[in-house]
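The structure appears right after this line, and notes come after that.
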Amino acid sequence: KMKDFDSRRAARITSLRVLENDMYFYFKTRPQDQQPKLYYRQGYKGEEILLFDPETYEKGKVYTISGFSPNRDGSTICFGIAEKGAELGQMLIMEVKTKKILPEKLQMTRGSGDWLADDNSFTYTPYKSNDLKSMDARQNLQSTMHKVGTPQSEDKVVFSSKVTPDLGIKPEEYPYLYYDRDTKLIYGGLYTVDRYVKAYYAPVTELAKPKIAWKPMFKPEQEVTNFISDEQFIYFITSKNTPRQKMMRMPVGAIDADKAETMVPENADEAIDDQGFTITKDGVYFVRTKNGVEAILYFVARGTKNAEKIALPNTAGSIVLLNKDAKASDLWVSISGWTTPNKRYRYTAATKQFTPEPLSTEIQYPEFANLTVEELMIPSHDGVMVPVSVVYDKKVQKNGSAPVMIYGYGAYAASQNPFFSPPFLLWTQQGGIFAVAHVRGGGELGEAWHKAGQKTTKPNTWKDLIATAEYLIKNKYTLPQKIAISGGSAGGILIGRAMTERPDLFAAAIPEVGCMNAVRMENSPNGPVNVPEFGTVAKEDECKALIEMDAYLHLKEGEKYPATLVTAGFNDPRVIAWQPAKFAARLLASNKSDKPVLFFTDYEAGHGIGDAKQKQFEALADLLAFGLWQTGHPNFQLKK
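Be aware that the sequence shown starts at 14, since it is given in this note's numbering, and climbs by one per residue.
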């Protein structure tokens, strides 16, 4: 059925970039493709040209394009490629007009680069090793400048603890440097999973000097989560003393976040989406969300501070904005929801009109015409009201007979905004109810919601999921023997702790490539960078919090656990494969129920990012089939 859905559209278009000269660069995946291919065209109606096919690049190997970046005029593009889901690989540089790949192939890279003012050089941050198991490969990294046409050995280190020891850069902080054409500044950022920006700035002329004279721009204590700029101002989102965030601005010539002026104040009912704001010649556009499930578009015209609500062509669960740059009026708005496919519009500020501008044919899904959505607020263990989205066919009766799949995540302030996924909605075609628990640790209700499910408050995350299941049972949506729960990556904590705290409440648990042994995560290659989100064993209170959120440590000998499907990607650079493997082994040894415990390792995959389309279909089919099998669906029982 997933292949049927896929065959209905001419292609899937993602990662669109539109340059100031109207060149379109994007990924395109046709039904016959296993991996997205890189294309471009001149203008919306221009001829489409294939630039790079990762499936035919090297005989016997299939790569994934991990990211791309064209220079300002689109004459040259750099892009990363990686094998078998590893994400880490090499960066290629191509002359767009001739499609010629240049001789230098930058090794041990992830993603693409950031172009500098001359359009002939860019910065990137290479790793020390391609070894996914190396603890040293991601420590003390250096942001490096590469000039097109030169070997990687001649690259210059421009931002690191070695060249700027006075900044006190920590070993686990990922340094990156990029150039802002509007402000004529370079920014040096230090990345971990901490949401709060830690960044410095300097005039672009400093790049030519042996040592850059950096000045502080944002400190973590200022709680800035994102920023954009034009020639006059730097606009940023902050949660400091404002749990649902506000927008502020400061002049480019007087950068001091503590003295910035408020441009858009906090709204008590809506949280600003810090990834959903952009700037054009006309002003600033930004998105607010209500309970993480209703998206509203706003506009602040240049020279004003008045946020005007923009009437959308239809109700939006999620909104994605795309501009050309701060000097053009061009704005594209993509809208989607739980039961409404993504639709892309060009917005004209002068007339306030939305014009459909699809890059592929629109698809019809008559199977989902009868679906209904309920957006609930349910009480959790401590009385806090938690948003829960419930999707099902109108024919489903609330008599406790429906199988339920509850999905959740709850980390990094990542909101589970409404997304349209025909494969996931297949659950509803089997008479089931698909639910999303917007648990604490996510960002649905702003930064306060995130902090309420982080480190010492992490138990709220899985207790919110437990409360969701209890609510659905109490209100006759389903029964315990009809509930399956799923979540991946950091969502492994959510699923693992829900099933170990209330094994009686669920028929099936499906943690995918999950963090299942939180206490030991810090001792894995990707662990140190995650300390800001989960904590460190070096601090007593955070160590206790890690023990509490550790699903492996909460497995009890002789307990009867729900049926469990645990998955791992052997080339996973984010959650090392022994994390889920260790949990599955311990669960098998201690479990006294007669329900199955299955462990699947994909030796040709990683964290699920960049997996071939067929692998994605198979993984989701396994999840749905396992859930329906264990919740008693008659069509999914084993044949005797």
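Note that the Cβ used here is the ideal one computed from N, Cα and C, for glycine as well. Computed from a prediction, not measured in an experiment: that's the story for all the values here.
At the level of alpha carbons, what is the spacing between residue i and residue j?
| i | j | result |
| --- | --- | --- |
| D287 | P647 | 45 Å |
| N11 | A520 | Outside the displayed span of the chain (14 to 653) sits residue 11, for which this structure offers no information. |
| K407 | K253 | 43 Å |
| R30 | G126 | 15 Å |
| R453 | I419 | 15 Å |
| Y191 | V171 | 11 Å |
| D35 | R54 | 9 Å |
| K50 | R85 | 21 Å |
| G296 | R315 | 5 Å |
| F367 | P44 | 29 Å |
| F381 | T352 | 7 Å |
| T441 | I250 | 38 Å |
| E96 | K318 | 48 Å |
| G444 | P184 | 51 Å |
| T275 | I486 | 45 Å |
| G56 | M148 | 46 Å |
| D446 | V417 | Checking the sequence, you will find Ile at residue 446 rather than Asp. Distance between the alpha carbons of I446 and V417 is about 5 Å. |
| E68 | P229 | 44 Å |
| Y39 | T302 | 27 Å |
Smallest Cα separation from residue i: which of the options?
| i | options | result |
| --- | --- | --- |
| T580 | M562, F612 and C556 | F612 |
| R151 | D127, P586, I348 and I247 | P586 |
| K655 | A212, G423, S502 and T136 | A question about residue 655 goes unanswered here, because the residues of the chain that appear run from 14 up to 653. |
| L64 | K58, T89 and K628 | T89 |
| N99 | I26, Y140 and T481 | According to the sequence provided, residue 99 is Ala. The question's Asn does not apply to it. Of I26, Y140 and T481, the residue nearest in Cα terms is Y140. |
| K471 | T481, G455 and Y484 | G455 |
| T474 | E561, P416 and D517 | E561 |
| E117 | E167, L129 and A130 | E167 |
| G266 | E274, T196 and F240 | T196 |
| K224 | K14, S134, L180 and I496 | L180 |
| F246 | K464, A270, I62 and K652 | A270 |
| A273 | Q120, F583, K259 and Y187 | K259 |
| S342 | G350, P164, K294 and T374 | K294 |
| L478 | P392, S502, F38 and K464 | P392 |
| N304 | T291, K322, D282 and L325 | D282 |
| S242 | A598, K340, N383 and L101 | K340 |
| E370 | M15, I26, L507 and K16 | I26 |
| G124 | D144, D149 and I78 | I78 |
| V346 | V313, I309, E321 and T122 | I309 |
| Q120 | G102, M15 and M534 | G102 |
| V449 | G500, M15, K110 and Q467 | G500 |
| E535 | G548, V526, E525 and I523 | G548 |
| G421 | P524, S134, A24 and I62 | P524 |
| G162 | M390, L105 and S142 | L105 |
| T42 | Y52, G59 and A24 | A24 |
Excluding the 5 residues flanking residue i on each side, which residues of the same chain have their C-beta closer than 8 Å to its C-beta?
| i | result |
| --- | --- |
| V306 | G330, E388, P400, S402, N430, P431, H451 and E457 |
| K628 | D615, E617 and A618 |
| D132 | N84, R85, D86, S88 and T89 |
| F433 | S349, G350, W351, T352, T353, P354 and N355 |
Who are residue i's beta bridge partners in DSSP?
| i | result |
| --- | --- |
| S402 | E388 and V449 |
| W128 | F135 |
| P223 | The partner list for P223 (beta bridge, DSSP) is empty, contrary to what the question assumes. |
| R25 | T42 |
| Q366 | T361 |
| G93 | G80 and M104 |
| I285 | R301 |
| A342 | One detail in the question is off: residue 342 reads as Ser in this sequence, not Ala. DSSP output for S342 lists no bridge partner at all. |
| D554 | Paired residues: none, contrary to the question. |
| M260 | I250 and V277 |
| L63 | Y52 |
Please list, in chain order, all residues of the same chain as residue i whose beta carbon is under 7 Å from its beta carbon, the five residues on each side excluded.
| i | result |
| --- | --- |
| P435 | F18 and Y378 |
| L22 | Contrary to the premise, residue 22 reads as Arg rather than Leu in this sequence. Taken in chain order, the residues that qualify are S373, T374 and I376. |
| R262 | F246, I247, Y248, A273, E274 and M276 |
| P278 | K259 |
| V409 | A415, G444 and I446 |
For residue i, which residues in the same chain have their Cβ closer than 6 Å to its Cβ, ignoring the five residues on either side in sequence?
| i | result |
| --- | --- |
| Y189 | T138, S156 and G202 |
| C556 | V550 |
| D338 | E33 |
| F583 | A590, T614 and Y616 |
| L344 | T293, N336 and Y360 |
| L198 | Y214 |
| K653 | none |
So, is the C-beta of residue i closer than 7 Å to a C-beta in chain C?
| i | result |
| --- | --- |
| K112 | The structure shown contains no chain C; it is built from a single protein chain. |
* Decide if the stretch 555-575 is in contact with the stretch 526-541; the criterion is three or more beta carbon pairs, one per stretch, under 8 Å apart. => yes
* Counting Cβ pairs closer than 8 Å, one from the stretch 586-600 and one from the stretch 623-641, do we hit at least three? -> no
* Asked: Counting pairs of beta carbons, one from the stretch 198-213 and one from the stretch 536-551, are three or more of them closer than 8 Å?
  -> yes
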